[in-house]
Amino acid sequence: MSDEILINVTPTESRVAVVENGLLQELYLERCGDGGYVGNIYMGRIERVLPGMQAAFVNIGLERTAFLHANDIMPRQPELTEAGEPVEIPPITDLIRQGENVLVQVIKDPLGSKGARLTTQLSIPSRYLVLLPGVDNIGVSVRIEAEAERERLRGLVRKLVGEDSKAGFILRTNAEDVDEGSLARDLEYLRRLWKRIDAGMQGAEAGQCVYEDLSLPFRSLRDLMHAGVEKVRIDVAASVREAQTFAGEFFPDWVDRIELYEGEGPLFDLYGVEDEIERALSRTVPLKSGGHLTIDQTEAMTTVDVNTGGYVGFRNLEDTIYKTNLEAAQAIARQLRLRNLGGIIIIDFIDMEEDDHRRQVLRTLQRALERDHARTSVSEISALGLVEMTRKRTTESLEHRLCQPCPACGGLGRVKSVDTVCSEIFREILRAVRQFETGELRVMASPSVVERIMEDQHRTIAELTEQLRTTICFQPEEQYGQEQFDVVLL
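So the sequence shown is residues 1 to 490, counted in the UniProt record's numbering.
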């Protein structure tokens with residue numbers, strides 16, 4: 001499989017595209033002065049403790065106070081006791097107090113009206129390892145499945161760390177098959193970094209950032225670079241030099257894969273990345289067979305509806321539905337990554353009668369999700385043909401990063417019809433005349449509404465004028481939206 005990473009750097013923003021076999025799979029965006037906060041460490045002040053929610057609001061210097069749950073205050077430990085009972089979480093009032101300072105790390109960016117999500121369980125990532133201060137444990141990513149490899153990696157880290165370590169480590173998926181020298185360089189980097197963070201903690205004031213994660217281009221190299229990536233193309237020479245220096249510290253054998261893009265057109269015109277981004281903002285996703293997906297994102301969940309559309313198949317209805325669902329399963333996995341959709345996701349596959357077809361579609365979806373860097377959990381297909389799944393969400397979706405609510409509809413995706421607004425205007429006229437004594441009314445509305453009233457409702461206007469014994473004049477206003485109008489007493 002041929003993978004490439006494209007890094008577009010401009011004075012206003014940085015964008016990173018992950019391309020697999022010539023097709024855009026993931027997009028990351030960071031604007032100047034508006035980077036994400038995930039991974040940053042702050043000295044926070046407890047502003048308010050909520051015993052009923054087992055949570056607290058913490059001031060870390062951002063616009064909105066951040067959220068800290070009791071689960072994220074407790075030291076890392078198994079979720080179950082040796083007897084198989086859930087570990088009991090003490091009352092939050094026993095863990096923190098209002099007004100005290102606490103060192104916290106952002107694990108989820110502010111989303112919509114919600115503040116950032118915090119934890120006191122610090123973790124500092126590098127290329128192959130994650131440092132866990134204050135924890136005496138060595139873990140291995142579950143995506144490294146071979147038990148012999150898991151034990152080899154644990155043994156190498158134990159040897160490098162020694163017996164006097166005051167921190168634990170997690171071996172990341174990238175660590176699979178790496179040698180001792182690479183792990184040693186990673187370990188030394190983390191130790192130096194933690195010393196700098198520890199020194200910054202001393203005397204830090206509430207709301208002060210103690211550690212800020214790497215910028216997007218460097219994070220991408222750290223987290224996304226792997227043996228299957230053939231090239232990393234960057235369109236700014238200075239950024240290429242910085243990236244090669246950074247890579248030389250962590251994966252020197254791959255430095256020559258990082259190169260300057262010198263093509264005639266923009267970097268993101270390669271593989272039609274810009275066009276793919278535009279399509280990713282659409283509600284509808286066409287399938288090659290002629291079917292399509294309809295994706296609707298709400299605050300509570302994301303729904304995906306599968307439709308056969310123009311696909312009529314060749315054999316029978318069940319076969320047509322089965323092939324459409326198979327194609328849709330792969331397309332859905334890609335769209336979740338590309339659009340960075342997270343939280344609860346409900347997929348409405350077309351109903352299938354055969355159990356084997358249902359199993360194959362579900363398995364296709366699960367296999368397609370295996371390349372997703374975000375953690376996912378997929379349930380069985382329900383009796384209604386629905387698949388409930390979750391995908392870990394730490395940053396806002398692509399739509400929320402690139403778009404804002406429509407000023408005309410406020411994000412509803414629809415506006416009242418002209419006829420509906422006309423009826424509302426007539427009701428408002430009646431209300432105004434009954435409430436106030438007046439000899440003349442002026443109605444200001446959008447040109448389309450005024451035009452409809454004057455052309456189709458002139459008889460109604462005449463009847464109202466005679467009935468109410470008042471003069472009504474209509475004034476079109478270009479700046480008014482279709483739903484907006486004012487009835488003014490003169």
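Heads up, the beta-carbon is just placed ideally off N, CA and C, and yes, glycines get one too.
Every value quoted in this text rests on a predicted model; they were computed, and no experiment measured them.
Q | According to DSSP, residues forming a beta bridge with L24 | A | As DSSP reads the structure, L24 sits in a beta bridge with V19.
**Q.** Contact the stretch 142 to 149 vs the stretch 236 to 245: 3+ CB pairs below 8 Å
**A.** The stretch 142 to 149, when compared against the stretch 236 to 245, does not touch it at the 8 Å Cβ threshold.
Q: Given a cut-off of 8 Å, decide if S379 and M389 are closer than it, judged by their beta-carbon atoms.
A: Yes; because the gap between Cβ atoms is below 8 Å, this pair is in contact.
Q. Using 8 Å as the Cβ pair cut-off and three pairs as the minimum, do the stretch 438 to 449 and the stretch 459 to 477 touch?
A. Taking a contact to require three or more Cβ pairs closer than 8 Å, the stretch 438 to 449 and the stretch 459 to 477 qualify as touching.
Q. Y322 lies in the alpha helix (DSSP H); which residues open and close that run?
A. Per DSSP, Y322 belongs to the alpha helix (DSSP H) from L317 to R339.
Q: Could you please give me the residues that DSSP links to N101 through a beta bridge?
A: Paired residue(s): R45.
Q) Within the chosen definition, does the stretch 178 to 185 reach the stretch 125 to 132 through at least 3 CB pairs nearer than 8 Å? A) Three or more beta-carbon pairs separated by less than 8 Å link the stretch 178 to 185 to the stretch 125 to 132, which places the two stretches in contact.
**Q.** Environment of L490 [buried if 16+ CB atoms lie within 10 Å]
**A.** Around the beta carbon of L490, fewer than 16 other beta carbons sit within 10 angstroms, so the residue counts as exposed.
Q: Spatial neighbours of R196 within its chain, please: CB distance less than 6 Å, with the 5 preceding and 5 following residues excluded, ordered by chain position.
A: Shown here for R196: not one same chain residue has a beta carbon closer than 6 Å to its own, the five before and five after excluded.
Q | Sub-8 Å separation of I46 and Q98 beta-carbons | A | Yes, these two residues count as a Cβ contact at 8 Å.
Q: List the DSSP bridge partners of L489.
A: In the DSSP secondary-structure assignment, L489 is bridged to L441.
Q: Can you say whether M454 is buried or exposed, counting buried as having 16 or more other CB atoms within 10 angstroms of its CB?
A: Under a 10 Å Cβ-count criterion, M454 is classified as exposed, with fewer than 16 other Cβ atoms of the shown protein chains found around its own Cβ.
Q) Going by DSSP, which residues form a beta bridge with L260? A) L260 is bridged to I234.
Q) Can you tell me whether DSSP reads I92 as helix, strand or coil? A) It is helical.
Q) With respect to the beta strand (DSSP E) encompassing P405, which residues constitute its N-terminal and C-terminal limits? A) Per DSSP, P405 belongs to no beta strand (DSSP E) and is neither H nor E.
Q) Counting pairs of beta carbons, one from the stretch 49 to 66 and one from the stretch 225 to 242, are three or more of them closer than 8 Å? A) Taking 8 Å as the limit for Cβ pairs, the verdict is that the stretch 225 to 242 does not touch the stretch 49 to 66.
Q: Would you mind reading off the limits of the alpha helix (DSSP H) that contains L131?
A: L131: not part of any alpha helix (DSSP H); member of the beta strand (DSSP E) spanning L129 to P133, first to last residue.
Q: State the CB to CB distance for the pair V387 and C422, rounded to an integer number of angstroms; the pair is presumed to be in contact (CB under 8 Å).
A: So it is not a contact: roughly 44 Å between Cβ atoms.
Q: Return the CA-CA distance between E370 and I144, expressed in angstroms with no decimal places.
A: Pairing E370 with I144, the inter-Cα distance amounts to about 12 Å.
(Q) Please classify T324 as buried or exposed, where buried requires at least 16 neighbouring CB atoms within 10 angstroms. (A) Buried is the call here.
Q.
In the DSSP assignment, the alpha helix (DSSP H) including E388 goes from what residue to what residue?
A. Per DSSP, E388 lies in no alpha helix (DSSP H) segment; the continuous beta strand (DSSP E) that holds it begins and ends at L386 to R391.
Q) Around the C-beta of A383, are 16 or more other C-beta atoms found within 10 angstroms, so that it is buried, or is it exposed? A) So A383 counts as exposed.
**Q.** L27 and L224 closer than 8 Å at C-beta
**A.** Taking the C-beta atoms as reference points, L224 is found no nearer than 8 Å to L27.
Q: Could you tell me the boundaries of the alpha helix (DSSP H) in which Y189 lies?
A: Secondary structure note for Y189: its alpha helix (DSSP H) is the uninterrupted segment E180 to M201.
Q) Thinking C-beta only, is E249 closer than 8 Å to Y189? A) Yes, the pair counts as a contact, with Cβ atoms nearer than the cut-off.
Q) Going by the beta-carbon positions, is the gap between V102 and T120 smaller than 8 Å? A) Going by C-beta atoms, V102 is nearer than 8 Å to T120.
Q. Counting pairs of Cβ atoms below 8 Å between the stretch 107 to 116 and the stretch 63 to 76, do you hit three or more?
A. Taking a cut-off of 8 Å for Cβ pairs, the stretch 107 to 116 and the stretch 63 to 76 touch, as three or more such pairs fall below it.
Q: Give the DSSP-derived three-state secondary structure of L80 in the structure shown.
A: Its pLDDT being 48, under 50, L80 is placed unreliably in this model, and the value from its coordinates should be taken loosely. Three-state DSSP puts L80 in a strand.
Q: Would you tell me roughly how many angstroms separate the C-alpha atoms of R363 and G181, rounded to the nearest one?
A: Taking the straight line from one Cα to the other gives about 39 Å.
Q: For the beta strand (DSSP E) containing M301, list its first residue and its last residue.
A: M301 to N307 is the span of the beta strand (DSSP E), which, as asked, contains M301.
Q: Would you tell me roughly how many angstroms separate the C-alpha atoms of G410 and N307, rounded to the nearest one?
A: Going from the Cα of G410 to the Cα of N307 covers about 28 Å.
Q. Can you name, in chain order, every residue of its own chain whose Cβ lies under 7 Å from the Cβ of F218, other than the five neighbours on each side?
A. Short of 7 Å from the beta carbon of F218, and not among the five residues preceding or following it, lie these beta carbons of its own chain, in chain order: F246.
Q. Rounded to a whole number of angstroms, what is the C-alpha to C-alpha distance between R15 and D419?
A. For R15 and D419, the distance between alpha carbons rounds to 45 Å.
Q: Would you mind reading off the limits of the alpha helix (DSSP H) that contains Q435?
A: Taken as a continuous stretch (DSSP letters only), the alpha helix (DSSP H) holding Q435 covers V418 to Q435.
Q. Who are T471's beta bridge partners in DSSP?
A. E440.
Q.
Measuring straight from C-alpha to C-alpha, what distance separates D3 and R158?
A. Distance between the alpha carbons of D3 and R158: 33 Å.
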